[in-house]
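J.:
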Amino acid sequence: MAIRTTSTHSTLLLAFLMIFLTTFSSPAFAQLSVSYYGSTCPSVFDTVRAATRLAINRETRMGASILRLFFHDCFVDGCNGGILLAGGERDAPASINTARGFDVIDNIKRQVDTACGGSVVSCADVLAISARDSIVELGGKSYSVPLGRRDTRTPNLDAARSDLPSPFDPLNVLIDKFSRKGFNAKEMVALSGAHTVGQAQCSSFRNRIYNDTNIDPDFAATRRANCPRTVGDSNLAPLDPQGQARFCNNHFQTLVNRNGLLSSDQALFNGGSTDSIVRTYSNDANAFLTDFKNAMVKMGNLSPLTGNQGEIRTSCQRVN
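Numbered per mature numbering (1 follows the signal peptide of the UniProt record, and there is no 0), the sequence shown spans residues -30 to -1, 1 to 290.
(1) For the segment 87 to 105 against the segment 50 to 69, are there 3 or more C-beta pairs whose distance is under 8 Å?
(2) How is the beta strand (DSSP E) around A237 delimited, first residue to last?
(3) Could you tell me the boundaries of the beta strand (DSSP E) in which P208 lies?
(4) Just the Cα atoms here: how many angstroms apart are S273 and F175?
(5) Tell me the residue span of the beta strand (DSSP E) that contains Q171.
(6) Taking DSSP's pairing of strands, which residues face D73 in a bridge?
(7) Would you call the segment 105 to 118 in contact with the segment 223 to 242, where contact means no fewer than 3 C-beta pairs closer than 8 Å?
(8) Please list the terminal residues of the continuous alpha helix (DSSP H) segment that includes N27.
(9) Checking 9 Å against the spacing of the C-beta atoms, do A101 and F40 come in under that value?
(10) Where does R131 sit, in a helix, a strand or coil, going by DSSP?
(11) Whose C-alpha, out of A21, P137, T124 and R120, is nearest the C-alpha of S65?
(12) With distances taken Cα to Cα, identify the nearest neighbour of Q169 among L231, P140, G241 and P187.
(13) Closer than 6 Å by C-beta to A21: which residues in its own chain qualify, once you throw out the five before and the five after it? Chain order, please.
(14) Does the distance from the CB of A62 to the CB of R123 come in under 9 Å?
(15) Enumerate in chain order the residues of its own chain whose CB-to-CB distance from L108 is below 7 Å, with the five nearest sequence positions on each side excluded.
(16) Can you give me the C-alpha to C-alpha distance between T10 and A164, rounded to a whole angstrom?
(17) Along the chain, where does the alpha helix (DSSP H) that runs through Q223 open and close?
(18) Terminal residues of the continuous alpha helix (DSSP H) containing E59?
(19) So if DSSP puts R120 in a beta bridge, which residue, or which two residues, is it bridged to?
(20) Going residue by residue through the segment 135 to 198, where are the continuous beta strand (DSSP E) segments of at least 3 residues, counting only ones entirely within it?
(21) Helix, strand or coil, according to DSSP, for S3 in the structure here?
(22) Let's see if you can read the secondary structure: which residues bound the alpha helix (DSSP H) around I105?
(23) Under 9 Å, do I179 and M158 count as touching if we go by C-beta distance?
(24) May I ask which residues mark the beginning and end of the alpha helix (DSSP H) holding T250?
(25) Is the distance from the Cβ of G270 to the Cβ of A25 below 9 Å?
(26) Could you pull out every residue in the same chain whose Cβ sits closer than 7 Å to the Cβ of F45, ignoring the five residues on either side in sequence?
(27) Could you spell out where the alpha helix (DSSP H) holding A64 opens and where it closes?
(28) Tell me where the alpha helix (DSSP H) around A34 begins and ends.
(29) Is the Cβ-Cβ distance between D121 and L275 less than 9 Å?
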């Protein structure tokens, strides 16, 4: 039987559609796009790439530091540049005195602004591009970076304290924290592969090398030489003694051999539900690099501010 629509119903339906389309096509709900700066700053990708490459050539460790900044940014209220603000999210336990690269991102932003003839590219977008370029410079796979993020004016220190993973977290806590951001266990393990590059401070792994039992004794003894029981909190050790400066799947081979530096890393291969994923990545570098790339794209899309939300900061470390 045909349903007859009255003119009143038609009028109401049309009004509803107009409201819906007006609301969700407004600048506040704009979508990210690779070509977002196509007319306002067409050289943004080339500028960030060159500046990132120079920073990594000066200090190889900087690539891992930029990647970590991006992760800490997106994991707290989405990719909005919150981690970059002085006196905000960077003071959370997971970041304080360990997150670095703020001046490098500021320098890249200045170069972008010069190339653009003004401050039209957000700090959040600069960080997202630079993180991708850091991965490529270190040997990982490239991927497209949609742009159009805006910078937050209100960093969320409380969320940074509660949401960011800790180097001491057990597997169930890690799974819960990533699940709340929309990541499944496989994506979580893939993202952990970022620890194939970078270093950690002694305070982050002291308990593991002196108290954990799921650790290779020779590896623990090696790390103790540079991380005494009571001093040397800031002494550094590579997260992956095999990979260090190259983005590859060595991190997972390290975990299989019980040589994970952080307790939270070794928790991924400790008789639990993620063991099989770690083993797969340890044997298949391409599978890891592909899954990592896809997880990074997903992370870059976490709750960005767009349209007329937030602002475009001139200096990444302070609001306008």
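Using N, Cα and C, we set each Cβ at its ideal position, and we do this for glycine too.
T.: Concretely, from the data shown:
(1) yes
(2) The residue you call residue 237 lines up with position 267 of the sequence shown. Unbroken run through A237: none, as it is neither H nor E.
(3) Numbered from its first residue, the sequence shown carries residue 208 at position 238. Here the beta strand (DSSP E) through P208 covers L206 to P208.
(4) In the sequence shown, counting from the first residue as 1, residue 273 sits at position 303. In the sequence shown, counting from the first residue as 1, residue 175 sits at position 205. Answer to the nearest angstrom: the Cα atoms are 32 Å apart.
(5) Counting from one through the sequence shown, the residue named residue 171 turns up at place 201. Note, Q171: beta strand (DSSP E), Q169 to Q171.
(6) Taking the sequence shown and counting its residues from 1, the one referred to as residue 73 is at position 103. None, per the DSSP bridge assignment.
(7) no
(8) Residue numbering aside, residue 27 sits at position 57 when the sequence shown is read from its first letter. V14 to R28 is the span of the alpha helix (DSSP H), which, as asked, contains N27.
(9) For the purposes of this step, residue 101 is taken as the residue at position 131 of the sequence shown. For the purposes of this step, residue 40 is taken as the residue at position 70 of the sequence shown. Yes, they are a contact pair.
(10) One-based indexing of the sequence shown puts residue 131 at position 161. If DSSP states are grouped into helix, strand and coil, R131 belongs with the helices.
(11) Translated into positions along the sequence shown, residue 65 becomes position 95. The shortest C-alpha separation from S65 is found at P137.
(12) As a working note, residue 169 is residue 199 in the sequence shown. Among L231, P140, G241 and P187, the Cα nearest to that of Q169 is on L231.
(13) For the purposes of this step, residue 21 is taken as the residue at position 51 of the sequence shown. Cβ within range, chain order: I78 and Q81.
(14) Translated into positions along the sequence shown, residue 62 becomes position 92. Translated into positions along the sequence shown, residue 123 becomes position 153. No. Outside cutoff.
(15) Within the sequence shown, numbered from 1, the residue matching residue 108 stands at position 138. For L108, where only same-chain residues beyond five positions count, the Cβ hits under 7 Å are G33, V167, A215, R216 and F217.
(16) Reading the sequence shown from its first residue, position 40 is the one you call residue 10. Reading the sequence shown from its first residue, position 194 is the one you call residue 164. When rounded, the distance between both Cα atoms is 33 Å.
(17) Taking the first residue of the sequence shown as 1, we reach residue 223 at position 253. Start and end: N220 to V226.
(18) Mapped onto the sequence shown, residue 59 falls at position 89. First-last for E59: undefined, no H or E at that position.
(19) Numbered from 1 along the sequence shown, position 150 holds the residue referred to as residue 120. DSSP output for R120 lists L275 as bridge partner(s).
(20) 169 to 171
(21) On the sequence shown, position 33 is the one that residue 3 refers to. Three-state DSSP puts S3 in a strand.
(22) Position 135 of the sequence shown, counted from the first residue, corresponds to residue 105. C93 to E107 is the span of the alpha helix (DSSP H), which, as asked, contains I105.
(23) Your numbering for residue 179 matches position 209 in the sequence shown. Your numbering for residue 158 matches position 188 in the sequence shown. Taking 9 Å as the Cβ cut-off, I179 and M158 do not qualify as a contacting pair.
(24) Against the sequence shown, residue 250 aligns to sequence position 280. Per DSSP, T250 belongs to the alpha helix (DSSP H) from D245 to N253.
(25) Position 300 of the sequence shown holds residue 270. Position 55 of the sequence shown holds residue 25. Against a cut-off of 9 Å, the Cβ pair of A25 and G270 comes out as no contact.
(26) Within the sequence shown, numbered from 1, the residue matching residue 45 stands at position 75. Answer for F45: D133, L134 and K151, listed in chain order.
(27) Position 94 of the sequence shown, counted from the start, is the residue given in the question as residue 64. Looking at the DSSP string, A64 is not in any alpha helix (DSSP H), and its letter there is neither H nor E.
(28) On the sequence shown, position 64 is the one that residue 34 refers to. Here the alpha helix (DSSP H) through A34 covers R31 to C44.
(29) Counted from its first residue, the sequence shown places residue 121 at position 151. Counted from its first residue, the sequence shown places residue 275 at position 305. Closer than 9 Å, so yes.
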